[in-house]
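Worksheet: the structure to be examined is printed underneath.
Protein chains: 2
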Amino acid sequence: MASYHSLNDLHAFITDVLTALGVPAGDADTTARRMLEADVRGMAAHGIFRLPQYVKRIEAGGYNLHPDIRAVRETPVSALIDGDNGLGQVVVTQATERAIAKAREHGLGWVGVRGSNHAGAAGVYASMGLEYDLIGVYLAVGSSNHLPAWGGLDPLLSTNPLAVAIPAGAEPPVVLDMATTVVSYGRIKLAAERGEKLPEGWMVDRRGEPLTDPRRSSEGFLLPIGGYKGYGLGVVIGMLAGVLNGAAFGSEVVDFTTDHRTPTNTGQSVFMMRPDLFRPLAEFQASMDERIRELRASTPMPGHPPVRLPGDQVPARAERARRDGIELSAATVAALRELGDRLGVRVPPSFQDG
Amino acid sequence: MASYHSLNDLHAFITDVLTALGVPAGDADTTARRMLEADVRGMAAHGIFRLPQYVKRIEAGGYNLHPDIRAVRETPVSALIDGDNGLGQVVVTQATERAIAKAREHGLGWVGVRGSNHAGAAGVYASMGLEYDLIGVYLAVGSSNHLPAWGGLDPLLSTNPLAVAIPAGAEPPVVLDMATTVVSYGRIKLAAERGEKLPEGWMVDRRGEPLTDPRRSSEGFLLPIGGYKGYGLGVVIGMLAGVLNGAAFGSEVVDFTTDHRTPTNTGQSVFMMRPDLFRPLAEFQASMDERIRELRASTPMPGHPPVRLPGDQVPARAERARRDGIELSAATVAALRELGDRLGVRVPPSFQDG
Numbered sequence: 000m001a002s003y004h005s006l007n008d009l010h011a012f013i014t015d016v017l018t019a020l021g022v023p024a025g026d027a028d029t030t031a032r033r034m035l036e037a038d039v040r041g042m043a044a045h046g047i048f049r050l051p052q053y054v055k056r057i058e059a060g061g062y063n064l065h066p067d068i069r070a071v072r073e074t075p076v077s078a079l080i081d082g083d084n085g086l087g088q089v090v091v092t093q094a095t096e097r098a099i100a101k102a103r104e105h106g107l108g109w110v111g112v113r114g115s116n117h118a119g120a121a122g123v124y125a126s127m128g129l130e131y132d133l134i135g136v137y138l139a140v141g142s143s144n145h146l147p148a149w150g151g152l153d154p155l156l157s158t159n160p161l162a163v164a165i166p167a168g169a170e171p172p173v174v175l176d177m178a179t180t181v182v183s184y185g186r187i188k189l190a191a192e193r194g195e196k197l198p199e200g201w202m203v204d205r206r207g208e209p210l211t212d213p214r215r216s217s218e219g220f221l222l223p224i225g226g227y228k229g230y231g232l233g234v235v236i237g238m239l240a241g242v243l244n245g246a247a248f249g250s251e252v253v254d255f256t257t258d259h260r261t262p263t264n265t266g267q268s269v270f271m272m273r274p275d276l277f278r279p280l281a282e283f284q285a286s287m288d289e290r291i292r293e294l295r296a297s298t299p300m301p302g303h304p305p306v307r308l309p310g311d312q313v314p315a316r317a318e319r320a321r322r323d324g325i326e327l328s329a330a331t332v333a334a335l336r337e338l339g340d341r342l343g344v345r346v347p348p349s350f351q352d353g
Numbered sequence: 000m001a002s003y004h005s006l007n008d009l010h011a012f013i014t015d016v017l018t019a020l021g022v023p024a025g026d027a028d029t030t031a032r033r034m035l036e037a038d039v040r041g042m043a044a045h046g047i048f049r050l051p052q053y054v055k056r057i058e059a060g061g062y063n064l065h066p067d068i069r070a071v072r073e074t075p076v077s078a079l080i081d082g083d084n085g086l087g088q089v090v091v092t093q094a095t096e097r098a099i100a101k102a103r104e105h106g107l108g109w110v111g112v113r114g115s116n117h118a119g120a121a122g123v124y125a126s127m128g129l130e131y132d133l134i135g136v137y138l139a140v141g142s143s144n145h146l147p148a149w150g151g152l153d154p155l156l157s158t159n160p161l162a163v164a165i166p167a168g169a170e171p172p173v174v175l176d177m178a179t180t181v182v183s184y185g186r187i188k189l190a191a192e193r194g195e196k197l198p199e200g201w202m203v204d205r206r207g208e209p210l211t212d213p214r215r216s217s218e219g220f221l222l223p224i225g226g227y228k229g230y231g232l233g234v235v236i237g238m239l240a241g242v243l244n245g246a247a248f249g250s251e252v253v254d255f256t257t258d259h260r261t262p263t264n265t266g267q268s269v270f271m272m273r274p275d276l277f278r279p280l281a282e283f284q285a286s287m288d289e290r291i292r293e294l295r296a297s298t299p300m301p302g303h304p305p306v307r308l309p310g311d312q313v314p315a316r317a318e319r320a321r322r323d324g325i326e327l328s329a330a331t332v333a334a335l336r337e338l339g340d341r342l343g344v345r346v347p348p349s350f351q352d353g
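Taken in sequence, the protein lines are chains H and X.
For the first sequence, position 13 matches number 12 in numbering that gives the first Met the number 0, and the numbering has no gaps at all.
For the second sequence, position 248 matches number 247 in numbering that gives the first Met the number 0, and the numbering has no gaps at all.
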């Protein structure tokens with residue numbers, strides 16, 4: 000049973016939980032905003048669902064709650080930010096804001112981050128420049144290794160995500176937000192819960208044979224999209240978000256799902272760019288609208304719904320979330336209620352029914 | 000039967016053919032270099048194999064052989080180049096050189112191109128900054144539409160390629176060069192020639208069912224990598240290389256395999272970046288070497304060769320090509336010999352044996 004919860008209530012709950020644990024109010028607010036933006040976008044796996052995990056890490060002393068987040072290298076169009084092991088949402092928000100400021104002033108801005116942590120949904124950060132009509136790109140090293148190199152057996156790679164946000168005119172912006180694996184581990188766990196078989200192409204076992212029983216998932220690996228292509232894409236994303244910034248990649252990655260104490264030295268990179276470097280903004284926006292409409296109006300396959308563009312459902316979802324609240328599963332509500340009760344934080348009234 | 004042909008001979012042949020058709024000597028040299036760099040990298044589909052097709056387009060009047068290639072918008076870190084319908088290799092080489100100059104001086108450089116044409120292998124351009132220790136990214140709108148939007152039927156998208164080149168230290172640079180489809184149309188045609196069945200996952204028919212008979216390929220579509228993920232990736236690449244530059248995307252794309260006359264208004268984008276914006280170069284290179292070696296040394300699956308990195312075979316291939324020449328199929332040699340004979344251009348002696 001799912002239930003609906005108001006954005007304001009959830010925001011108050013997250014900030015209350017975080018401040019109760021010693022997070023400064025401003026940082027708690029930033030973290031709550033980024034988490035709920037993920038929920039609003041339909042990326043529930045990076046939304047308030049993650050709060051218990053973040054709390055576990057805070058309580059284990061795995062975060063620096065008073066980090067000195069600063070640029071250790073900087074040019075007019077670039078910066079390297081040291082997150083000083085702060086909350087990922089706080090560190091990456093500062094980095095993204097700096098990339099936006101640079102792009103607004105100089106046309107382009109690339110800001111790399113080291114010493115960060117899991118920051119949630121990639122699309123949230125890529126989209127932060129849209130209100131200034133900026134194109135945004137976000138790259139991250141995932142926070143636990145789920146797959147080997149192509150043809151290998153040692154889990155050295157994560158689902159390294161990529162997000163790209165491109166503004167349009169009257170049409171919703173195009174926002175791609177994707178991991179470089181066919182599915183997430185969360186999807187595998189869901190299949191195990193439901194007693195479903197996995198389709199071939201989601202996982203392989205240690206001999207490279209299809210693994211279709213999700214209860215055996217620990218014996219195998221997630222598959223990258225397009226085989227060696229997705230492997231290569233994951234590698235270059237990891238190098239541009241990790242190695243380039245002096246952040247973790249490969250065996251340096253700390254599994255934040257099992258180790259709640261060791262600093263993760265997570266790396267992310269954010270790139271922002273003004274489209275009017277290339278065309279007058281209004282002309283670019285009109286052309287985006289035209290091409291988006293052409294794709295959307297194309298003939299669907301028999302029995303298929305109309306064609307969609309990446310991220311085009313976000314504005315409607317946001318509208319619905321503001322009106323009806325965020326939908327949470329009974330399990331998530333129970334976990335959050337338990338968390339609130341344990342920390343002595345007032346839970347939203349809607350949690351009582353959940 | 001394949002045969003080997005010296006790089007110098009092939010370079011002389013390409014430049015002789017192009018100059019015989021009225022291409023200025025400098026532009027013919029640039030085009031020959033870029034084409035043979037594709038062959039050297041093992042991307043034969045973008046190498047000298049393409050010469051007959053380019054010639055057909057030149058003879059049909061589809062190119063402007065004396066283009067006024069110029070920056071129509073420019074900032075210290077960006078430019079929009081109008082290729083004036085010149086040869087793709089010539090236009091994109093100038094754009095890439097400009098992006099390199101900007102990145103060397105200001106740290107970043109993004110150069111977009113419109114009014115260009117098919118320019119060959121993506122990895123060739125992304126790699127042009129490697130000799131200056133630059134990271135390079137190349138995005139292009141493909142030159143004929145082979146797939147619909149995800150869940151659609153109208154072929155509005157091409158195999159829009161992406162290349163990323165990242166320098167290392169003692170190890171070969173990491174160079175990803177990929178189309179956003181599972182396989183190319185060339186691979187489908189090869190399967191038809193060989194009488195092979197296609198594996199599921201390469202193509203679908205107009206009902207979305209697997210298409211496994213390559214002789215029926217015209218009834219279906221190529222599949223993007225990772226389903227809707229590869230679709231989304233192809234769309235954003237097309238928007239950043241096409242729409243952003245005022246170049247063709249969607250139904251605006253001219254199929255250069257069947258239409259040899261209409262200007263294609265092809266779009267490409269090149270991004271160059273100095274890694275020492277983020278870390279001292281030597282430290283970055285050492286870290287790249289370490290992570291590359293870790294991946295390569297990881298345990299292979301039983302019966303699999305050692306793990307490889309994207310592009311790591313290029314230096315050895317280049318060495319072999321300089322020593323032994325480029326391997327060409329008998330069919331390619333025959334087509335080139337016929338071309339030389341028809342245009343009255345001296346063919347390499349090695350073509351006589353081929």
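No residue lacks a Cβ here, since even glycine has one placed at the ideal position from N, Cα and C.
Note to self: For Thr95 (chain X), count the other beta carbons within 10 Å of its own beta carbon; 16 or more makes it buried, fewer makes it exposed. Which is it?
What the structure shows: Numbered from 1 along the second sequence, position 96 holds the residue referred to as residue 95 (chain X). Classification for Thr95 (chain X): buried.
Next item on the list: Output yes if chain H places a C-beta closer than 8 Å to the C-beta of Asn264 (chain X); else output no.
Entry: As a first step, residue 264 (chain X) must be located in the second sequence, where it is residue number 265. So, not an interface residue.
Note to self: Less than 8 Å between C-beta atoms, sequence neighbours within five positions excluded: which residues of the same chain meet that for Gly219 (chain X)?
What the structure shows: On the second sequence, residue 219 (chain X) is found 220 positions in, with the first residue counted as 1. These residues qualify, in order along the chain: Met202, Val203, Asp204, Arg205, Leu210.
Note to self: Are the CB atoms of Ser143 (chain X) and Phe277 (chain X) within a distance shorter than 8 Å?
What the structure shows: Your numbering for residue 277 (chain X) matches position 278 in the second sequence. Your numbering for residue 143 (chain X) matches position 144 in the second sequence. Cβ distance not < 8 Å, so Phe277 (chain X) and Ser143 (chain X) don't count as in contact.
Check: Is the CB of Asp153 (chain X) under 8 Å away from at least one CB in chain H?
Finding: In the second sequence, the residue the question calls residue 153 (chain X) occupies position 154. Yes, contact with chain H.
Margin query: I'd like to know whether the C-beta of Thr211 (chain X) is nearer than 8 Å to at least one C-beta of chain H.
Written below: Position 212 of the second sequence holds residue 211 (chain X). Output row for Thr211 (chain X): interface = no.
Next item on the list: Could you say which of X:Tyr137, X:Ala148, X:Arg307 lies nearest to Trp149 (chain H) if we only look at CA atoms?
Entry: Residue 149 (chain H) sits at position 150 when you count from the first residue of the first sequence. Of X:Tyr137, X:Ala148, X:Arg307, the residue nearest in Cα terms is X:Arg307.
Checklist line | Whole-angstrom distance between Ile236 (chain H) and Asp132 (chain X), CA atom to CA atom | finding: Within the second sequence, numbered from 1, the residue matching residue 132 (chain X) stands at position 133. Within the first sequence, numbered from 1, the residue matching residue 236 (chain H) stands at position 237. Cα to Cα, the separation comes out at about 18 Å.
Next item on the list: Between the Cα of Pro274 (chain X) and those of X:His65, X:Gly108, X:Ile13, spot the shortest distance and give me the residue it belongs to.
Entry: Residue numbering aside, residue 274 (chain X) sits at position 275 when the second sequence is read from its first letter. With distances taken between Cα atoms, Pro274 (chain X) lies closest to X:Gly108.
Notebook entry, point to check: Would you say Asn244 (chain X) faces chain H, with C-beta separation under 8 Å as the test?
Noted result: Indexing the second sequence from 1 puts residue 244 (chain X) at position 245. Yes, because at least one Cβ of chain H sits closer than 8 Å to the Cβ of Asn244 (chain X).
Item checked: Contact under 8 Å by Cβ, Ala118 (chain X) with Gln88 (chain X) -> To locate residue 118 (chain X), count along the second sequence from 1; it is residue 119. To locate residue 88 (chain X), count along the second sequence from 1; it is residue 89. It is a contact, given that the beta carbons lie within the stated cut-off.
Next item on the list: State yes or no: is the beta carbon of Asp38 (chain X) nearer than 8 Å to at least one beta carbon in chain H?
Entry: Residue mapping note: residue 38 (chain X) aligns to position 39 of the second sequence, counting from 1. Answer no: the Cβ-Cβ gap between Asp38 (chain X) and chain H never drops below 8 Å.
Notebook entry, point to check: For Val175 (chain X), which beta-bridge partners are listed by DSSP?
Noted result: Locating residue 175 (chain X) in the second sequence gives position 176, counting from the first residue. One point to set straight first is that residue 175 (chain X) is Leu, not Val, in the sequence displayed. As computed with DSSP, Leu175 (chain X) is found in a beta bridge with X:Val163.
Check: In chain X, which residues lie less than 8 Å from Ile68 (chain H) when you measure between Cβ atoms?
Finding: As a first step, residue 68 (chain H) is located in the first sequence; it is residue number 69 there, counting from the start. Residues of chain X passing the Cβ test: none, with the nearest at roughly 16 Å.
Item checked: Cβ contact check for the region 71–89 of chain H and the region 42–52 of chain H: 3 or more pairs under 8 Å -> no
Checklist line | Extent of the continuous beta strand (DSSP E) run through Ile134 (chain X) | finding: Here residue 134 (chain X) refers to the residue found at position 135 when the second sequence is read from its first residue. That run of the beta strand (DSSP E) goes 134–139.
Next item on the list: Provide the residue(s) that pair with Ala1 (chain X) in DSSP beta bridges, ordered along the chain.
Entry: Looking up residue 1 (chain X) in the second sequence gives position 2. Ala1 (chain X) is bridged to X:Ser328.
Checklist line | Validate contact between the region 281–292 of chain H and the region 236–253 of chain X using beta carbons, cut 8 Å, 3 pairs | finding: yes
Item checked: Between the CA atoms of Ala98 (chain X) and Asp81 (chain H) - distance to the nearest angstrom -> The sequence position of residue 81 (chain H) within the first sequence is 82, counting from 1. The sequence position of residue 98 (chain X) within the second sequence is 99, counting from 1. The alpha-carbon atoms of Asp81 (chain H) and Ala98 (chain X) are separated by roughly 28 Å.
Item checked: Contact belief for Ala246 (chain H) with Val253 (chain H) at Cβ below 8 Å, rounded distance in angstroms -> Reading the first sequence from its first residue, position 247 is the one you call residue 246 (chain H). Reading the first sequence from its first residue, position 254 is the one you call residue 253 (chain H). Between the beta-carbon of Ala246 (chain H) and that of Val253 (chain H) there is about 11 Å, and that puts the pair past the 8 Å contact cut.
Next item on the list: Residues of the region 26–52 of chain X with a CB closer than 8 Å to any CB of chain H: list them in chain order, please.
Entry: none
Checklist line | Which of helix, strand or coil DSSP assigns to Phe350 (chain H) | finding: For the purposes of this step, residue 350 (chain H) is taken as the residue at position 351 of the first sequence. DSSP places Phe350 (chain H) in helix when its eight states are reduced to three.
Note to self: My assumption, with CB atoms under 8 Å, is that Ala162 (chain X) sits in contact with Ala121 (chain X). Please give the rounded CB distance.
What the structure shows: Sequence index remark: in the second sequence, residue 162 (chain X) carries index 163 (1-based). Sequence index remark: in the second sequence, residue 121 (chain X) carries index 122 (1-based). With 8 Å as the limit, Ala162 (chain X) and Ala121 (chain X) qualify as a contact, their Cβ atoms being about 4 Å apart.
Next item on the list: Could you work out which residue in X:Gly200, X:Val16, X:Ile325 is closest to Glu58 (chain X) when comparing CA atoms only?
Entry: Taking the first residue of the second sequence as position 1, residue 58 (chain X) is located at position 59. For Glu58 (chain X), the nearest C-alpha among the options comes from X:Val16.
Check: Between which two residues does the beta strand (DSSP E) harbouring Leu155 (chain X) extend?
Finding: Numbered from 1 along the second sequence, position 156 holds the residue referred to as residue 155 (chain X). First-last of the beta strand (DSSP E) with Leu155 (chain X): 154–156.
Note to self: Run through chain X and tell me which residues come within less than 8 Å of Ser297 (chain H), C-beta to C-beta.
What the structure shows: For this step, residue 297 (chain H) is matched to residue 298 along the first sequence. Those within 8 Å of Ser297 (chain H) in chain X are Pro147, Ala148, Gly151, Leu152, Asp153, Leu155.
Item checked: Val123 (chain H) and Gly310 (chain H) closer than 8 Å at C-beta -> Within the first sequence, the letter at position 124 stands for residue 123 (chain H). Within the first sequence, the letter at position 311 stands for residue 310 (chain H). Cβ distance not < 8 Å, so Val123 (chain H) and Gly310 (chain H) don't count as in contact.
Next item on the list: Using 10 angstroms around the beta-carbon of Ala333 (chain X), count the other beta-carbons present and answer buried if the total reaches 16, otherwise exposed.
Entry: Here the question's residue 333 (chain X) lines up with position 334 in the second sequence. So Ala333 (chain X) counts as exposed.
Note to self: Mapping the DSSP letters down to three states, classify Arg69 (chain X) as helix, strand or coil.
What the structure shows: Here the question's residue 69 (chain X) lines up with position 70 in the second sequence. The answer is strand: DSSP assigns Arg69 (chain X) an E or B state.
Next item on the list: Would you please state the rounded distance, in angstroms, between the beta carbons of Gly225 (chain H) and Ile165 (chain X)? I believe it to be under 8 Å.
Entry: Here residue 225 (chain H) refers to the residue found at position 226 of the first sequence. Here residue 165 (chain X) refers to the residue found at position 166 of the second sequence. Taking C-beta atoms under 8 Å as the contact rule, Gly225 (chain H) and Ile165 (chain X) fail to qualify, at a distance of about 20 Å.
Note to self: For a test of the three-state rule: what should DSSP assign to Gln267 (chain X), helix, strand or coil?
What the structure shows: The residue given as residue 267 (chain X) occupies position 268 in the second sequence. Looking at Gln267 (chain X) - three-state DSSP - the assignment turns out to be strand.
Next item on the list: Please classify Lys188 (chain X): is it buried, with 16 or more other beta-carbons within 10 angstroms of its beta-carbon, or exposed?
Entry: Counting from one through the second sequence, the residue named residue 188 (chain X) turns up at place 189. By the 10 Å Cβ count, Lys188 (chain X) comes out exposed.
Item checked: Range covered by the alpha helix (DSSP H) that runs through Leu189 (chain X) -> Residue numbering aside, residue 189 (chain X) sits at position 190 when the second sequence is read from its first letter. For Leu189 (chain X), the enclosing alpha helix (DSSP H) begins and ends at 184–193.
Checklist line | DSSP bridge partner residues for Leu107 (chain H) (one or two, in chain order) | finding: Working through the first sequence from its first residue, we reach residue 107 (chain H) at position 108. Its beta-bridge partners are H:Met272.
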